[in-house]
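Chemist:
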Amino acid sequence: MTARTLFDKIWHDHVVERLQDGTCILYIDRHLVHEVTSPQAFEGLRLAGRRLRRPDATIAVVDHNVPTSDRSLPIEEPESRTQIETLEHNVAEFGVPYIPLRSASQGIVHVIGPEQGISLPGMTIVCGDSHTSTHGALGALAFGIGTSEVEHVMATQTLLQKPAKNMRVTVEGELAPGVTAKDVMLAIIGKIGTAGGTGHVIEFAGSAIRGLDMAGRMTICNMSIEAGARAGMVAPDQTTFDYVRGRRFAPQGAAFDEACAYWSTLASDPNAVFDTEVELRAEDIAPNLTWGTSPEDVIPITGTIPDPATASEPGHRARLERALAYMGLEPGAEIAGTPIDVVFIGSCTNSRIEDLRSAAQVIDGRHVAPGVRALVVPGSGLVKAQAEEEGLDRVFREAGFEWREAGCSMCLGMNPDKLTPGQRCASTSNRNFEGRQGPGGRTHLLSPAMAAAAAVTGVLTDVRALTREIA
Amino acid sequence: MDKFTELTAVAAPMPEENVDTDQIIPARFLKTIKRTGLGEHLFANLRYGADGREKPDFVLNREPYRHAEILITLDNLGCGSSREHAPWALLDFGIRCVIAPSFADIFHNNCFKNGILPIQLPRETCEMLMDDARLGANAQLRVDLVQQVVVRPDGQEIAFEVDPFRRELLLEGLDDIGQTLQHGDAITTFEHGRDETKPWMPALAF
Ligand code: SF4
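If you read the protein sequences in the order shown, they are chains A and H. Taken in order, the first sequence gives residues 6 to 476; the numbers are from the numbering used here. Taken in order, the second sequence gives residues 2 to 207; the numbers are from the numbering used here.
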């Protein structure tokens, strides 16, 4: 048999039927549903008189537009309230398992999936949200779909898909102190660009990736979409199995061992061929951040802001000029030392307990700089509870951070947490597009540790300067 | 979904790379529970000033492009969020065809699902078509999905590729859920097979 990749194996295992032109009917093991991209899909089912084929493979949660302030209060924004009520009505009508707003386990869909064992290795997992790629960290094929496809999955538990191309991004070596999964992923996107992965599924491999915990792998896979890929994945290994064991919906006992035996067969064959290969050395990666309005606008914190005049191509030059103007930055200036107004630690990229620990470690004993607003929004109610048990909430609060309830929050500014025009934000989220965190807002993407360093100094700062002081 | 066979229309030139779905429809307009009505918010941050008034230099605020049914951009159109609100907003505004040197995958898919034809052409060709589009109302482009050609105002034909399966659905205006449900037996057989080989696969229930 020909050598196959991790993607090939999972794909092959889920093809129901291959149609004439190579389009496949692909079976979907898990469908995650949230309030923003589902109402029109449920409405479509209703209008066509269709039922939801597998409610037992579907789960719904509210996360995108929920307030992250006091949950005992009613939701003020009428449209957000309508969207949440609509979801509640729909899940009741179609019999979909649902995690309500006031449940202790509510949270961002991409945080709760792995956390509760809803997402497992070897599965096909979809959600009407591009960052579904996060779940690929478990060694699953997980990708975002549009609302029409949400409806298609609801009605048929399948999708019409053509196989993607295989890309492997290998990061060998050891990460330097202060360098995290976020920095690795920013380096990768900076290298291949936001369209670099188009048409591909990326497998992340190499000793630096293997050495990451599951939270780090999720951060990496999460931003596969920012590299243009449909999905990102890491082959399941002992780290994965240890993570999955004992989670709420994971198989238990003998069933778990049986599942592990299957999951162990999924790694890419040693001589499997990838359509595209990319390699990075771990030692070359510094703490990174974005300076512009595209996730590929990456520089190390020790770097300077690029000069559009050096761009060879006029369209590209125009984009860089516009990004500079929007971000209010000068070409050639050092990025470190740029004053910030807001710090956001949260989003499905970096809101897990490991992320909060990493930020808290930098903050411990320090205080948020005067004039800076800093928020921590845990990825889920369970993450929040864990952090409180560890006393991290105290570290954040005493330092002057707001300690919020779980949700997407300022990642996309659909709820009241938004930037105002011109505000500059050090953010652990995944998109720095114009207006993403609020109209006119300026976003610098960076790791939780770097966000913490910005919070306590009031400027974009090399976190290594602070951690060296600690050490 | 409306059929797409042929379209003769004004094309709006937008010579930008990475026109992302946050630009096409900003997140604050995603609170709707309907597919329609998003046209007035299309490109809201670029189209309207802070006072809510139209910015006169934005292409879709100018004649004849207010009536554009074709949009032409540079590389990586539709990158970012998977929100189908992006094609819904385009469609509600009146856009039935988008032309670019490259598209982000999910957006590309979402266009087909809503009767919008995405056409991929080399960058130089897109720039040439943008020059045509700049000539205004008399310079309409003709897009013919049956023949798979874009016809320039001077009559020159430019061939394009399109996935045959997607083309078929567009030409017929077909809903692909109906198509897939015809394979219901195969899906059931697959599920039985999975129950045998992966008995550990947990069901979700609270
Ligand atoms: S946290 Fe941000 S990126 Fe993640 S699902 Fe929510 S809105 Fe999307």
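We put the CB at the ideal spot given by N, CA and C, even for glycine. All values derive from a computational prediction rather than experimental measurement.
My understanding is that residue 131 of chain A touches residue 66 of chain A, with C-beta atoms under 8 angstroms, so please give their C-beta distance in whole angstroms.
Modeler: Start at 1 with the first residue of the first sequence, and residue 131 of chain A comes out as number 126. Start at 1 with the first residue of the first sequence, and residue 66 of chain A comes out as number 61. Actually they are not in contact, since the Cβ atoms of residue 131 of chain A and residue 66 of chain A sit about 15 angstroms apart, beyond 8 angstroms.
Chemist: Report yes or no: do the stretch 182-198 of chain A and the stretch 261-274 of chain A share at least 3 C-beta pairs separated by less than 8 angstroms?
Modeler: The answer is no - the stretch 261-274 of chain A does not touch the stretch 182-198 of chain A, with fewer than three Cβ pairs under 8 angstroms.
Chemist: Between residue 34 of chain A and the rest of its own chain, which residues show a CB-CB distance below 7 angstroms, the 5 nearest in sequence each way excluded?
Modeler: Within the first sequence, numbered from 1, the residue matching residue 34 of chain A stands at position 29. Closer than 7 angstroms at the Cβ level, and outside the excluded window around residue 34 of chain A, lie 62, 128, 129 and 130.
Chemist: Does the beta carbon of residue 440 of chain A sit closer than 8 angstroms to a beta carbon anywhere in chain H?
Modeler: On the first sequence, position 435 is the one that residue 440 of chain A refers to. For residue 440 of chain A, the answer is yes, since a Cβ of chain H falls inside 8 angstroms of its Cβ.
Chemist: Distance cutoff 8 angstroms, beta carbons only. Does residue 31 of chain A sit that close to anything in chain H?
Modeler: As a working mapping, residue 31 of chain A is identified with position 26 in the first sequence. Not one chain H Cβ lies under 8 angstroms of residue 31 of chain A.
Chemist: Of the residues that make up the stretch 9-38 of chain H, which ones have a beta carbon closer than 8 angstroms to any beta carbon in chain A?
Modeler: In summary, the residues of the stretch 9-38 of chain H whose CB is separated from some CB of chain A by less than 8 angstroms are 16, 17, 18, 19, 21, 23, 24, 27, 28, 29, 31, 32, 33, 34, 35 and 36, in the order they occur in the chain.
Chemist: Is any non-hydrogen atom of the ligand SF4 found closer than 7 angstroms to the C-beta of residue 352 of chain A, if you look at the structure I gave you?
Modeler: As a first step, residue 352 of chain A must be located in the first sequence, where it is residue number 347. The answer is yes for residue 352 of chain A.
Chemist: Does DSSP put residue 106 of chain H in a helix, in a strand, or in coil?
Modeler: As a position in the second sequence, residue 106 of chain H is number 105, starting the count at 1. In this structure, residue 106 of chain H counts as helix in the three-state DSSP scheme.
Chemist: Would you list the one or two residues that DSSP bridges to residue 172 of chain A?
Modeler: Looking up residue 172 of chain A in the first sequence gives position 167. Residue 172 of chain A is bridged to A:207 and A:281.
Chemist: Based on the DSSP output, what are the partners of residue 8 of chain H in its beta bridges?
Modeler: As a first step, residue 8 of chain H must be located in the second sequence, where it is residue number 7. Under DSSP, the beta-bridge partners assigned to residue 8 of chain H are H:144.
Chemist: List the residues of chain H that residue 70 of chain A touches, going by C-beta distances under 9 angstroms, in chain order.
Modeler: Here residue 70 of chain A refers to the residue found at position 65 of the first sequence. Per Cβ cutoff of 9 angstroms: 28, 31 and 32.
Chemist: Would you say the beta carbon of residue 134 of chain A comes nearer than 7 angstroms to a heavy atom of the ligand SF4?
Modeler: Against the first sequence, residue 134 of chain A aligns to sequence position 129. Answer for residue 134 of chain A: yes, Cβ within range of the ligand SF4.
Chemist: Distance cutoff 8 angstroms, beta carbons only. Does residue 99 of chain A sit that close to anything in chain H?
Modeler: Residue numbering aside, residue 99 of chain A sits at position 94 when the first sequence is read from its first letter. Taking 8 angstroms as the CB threshold, residue 99 of chain A stays off the interface with chain H.
Chemist: Does the beta carbon of residue 184 of chain H come closer than 8 angstroms to any beta carbon on chain A?
Modeler: Start at 1 with the first residue of the second sequence, and residue 184 of chain H comes out as number 183. Taking Cβ atoms only, chain A reaches closer than 8 angstroms to residue 184 of chain H, which makes this a yes.
Chemist: Helix, strand or coil for residue 476 of chain A per DSSP?
Modeler: Translated into positions along the first sequence, residue 476 of chain A becomes position 471. Residue confidence for residue 476 of chain A is low, a pLDDT of 45 falling below 50, so the modelled location carries little weight and cannot support an answer.
Chemist: How is residue 148 of chain A classed by DSSP in three states: helix, strand or coil?
Modeler: In the first sequence, residue 148 of chain A corresponds to position 143, counting from 1. Residue 148 of chain A falls in the strand class under three-state DSSP.
Chemist: So what does DSSP say about residue 356 of chain A, is it helix, strand or coil?
Modeler: Position 351 of the first sequence, counting from 1, holds the residue named residue 356 of chain A. The DSSP-derived three-state label of residue 356 of chain A is coil.
Chemist: Please compile the residues from chain A whose C-beta is within a distance smaller than 8 angstroms of the C-beta of residue 220 of chain H.
Modeler: Only positions 2 to 207 of chain H appear in the structure, and residue 220 of chain H is not among them; the question remains open.
Chemist: Measuring only the C-alpha atoms, how far is residue 120 of chain H from residue 78 of chain A?
Modeler: Position 119 of the second sequence, counted from the start, is the residue given in the question as residue 120 of chain H. Position 73 of the first sequence, counted from the start, is the residue given in the question as residue 78 of chain A. In a straight line, the C-alpha of residue 120 of chain H is about 49 angstroms away from that of residue 78 of chain A.
Chemist: Given a limit of 7 angstroms on CB to CB distance, which residues of the stretch 157-172 of chain A reach chain H?
Modeler: 157, 160, 161, 162, 163 and 165
Chemist: Any beta-carbon of chain H closer than 8 angstroms to the one on residue 267 of chain A?
Modeler: Here residue 267 of chain A refers to the residue found at position 262 of the first sequence. Cβ-Cβ to chain H under 8 angstroms: yes for residue 267 of chain A.
Chemist: In the DSSP output, what is residue 39 of chain A paired with across the bridge?
Modeler: Taking the first residue of the first sequence as 1, we reach residue 39 of chain A at position 34. DSSP, once it has assigned bridges, lists A:66 as partnering residue 39 of chain A.
Chemist: According to DSSP, is residue 177 of chain A helix, strand or coil?
Modeler: Reading the first sequence from its first residue, position 172 is the one you call residue 177 of chain A. Of the three classes helix, strand and coil, the one that applies to residue 177 of chain A here is strand, per DSSP.
Chemist: Going by DSSP in three states, residue 391 of chain A sits in which element: helix, strand or coil?
Modeler: On the first sequence, position 386 is the one that residue 391 of chain A refers to. DSSP places residue 391 of chain A in helix when its eight states are reduced to three.
Chemist: To test your reading of the DSSP string, which unbroken alpha helix (DSSP H) runs of 4 or more residues are found completely within the stretch 13-86 of chain H?
Modeler: If only complete runs of 4 or more residues are kept, the stretch 13-86 of chain H shows the alpha helix (DSSP H) at 22-25 and 45-48, in order along the chain.
Chemist: Among residues of its own chain, excluding the 5 on either side of residue 363 of chain A, which ones have a beta-carbon nearer than 6 angstroms to its beta-carbon?
Modeler: Within the first sequence, residue 363 of chain A is the residue found at index 358, counting from 1. 453 and 454, listed in sequence order.
Chemist: Within 8 angstroms, do at least three Cβ pairs link the stretch 454-464 of chain A to the stretch 429-441 of chain A?
Modeler: yes
Chemist: Taking the CB atoms as reference points, tell me whether residue 166 of chain H and residue 24 of chain A lie closer together than 8 angstroms.
Modeler: Reading the second sequence from its first residue, position 165 is the one you call residue 166 of chain H. Reading the first sequence from its first residue, position 19 is the one you call residue 24 of chain A. Yes, Cβ-Cβ distance for residue 166 of chain H and residue 24 of chain A is below 8 angstroms.
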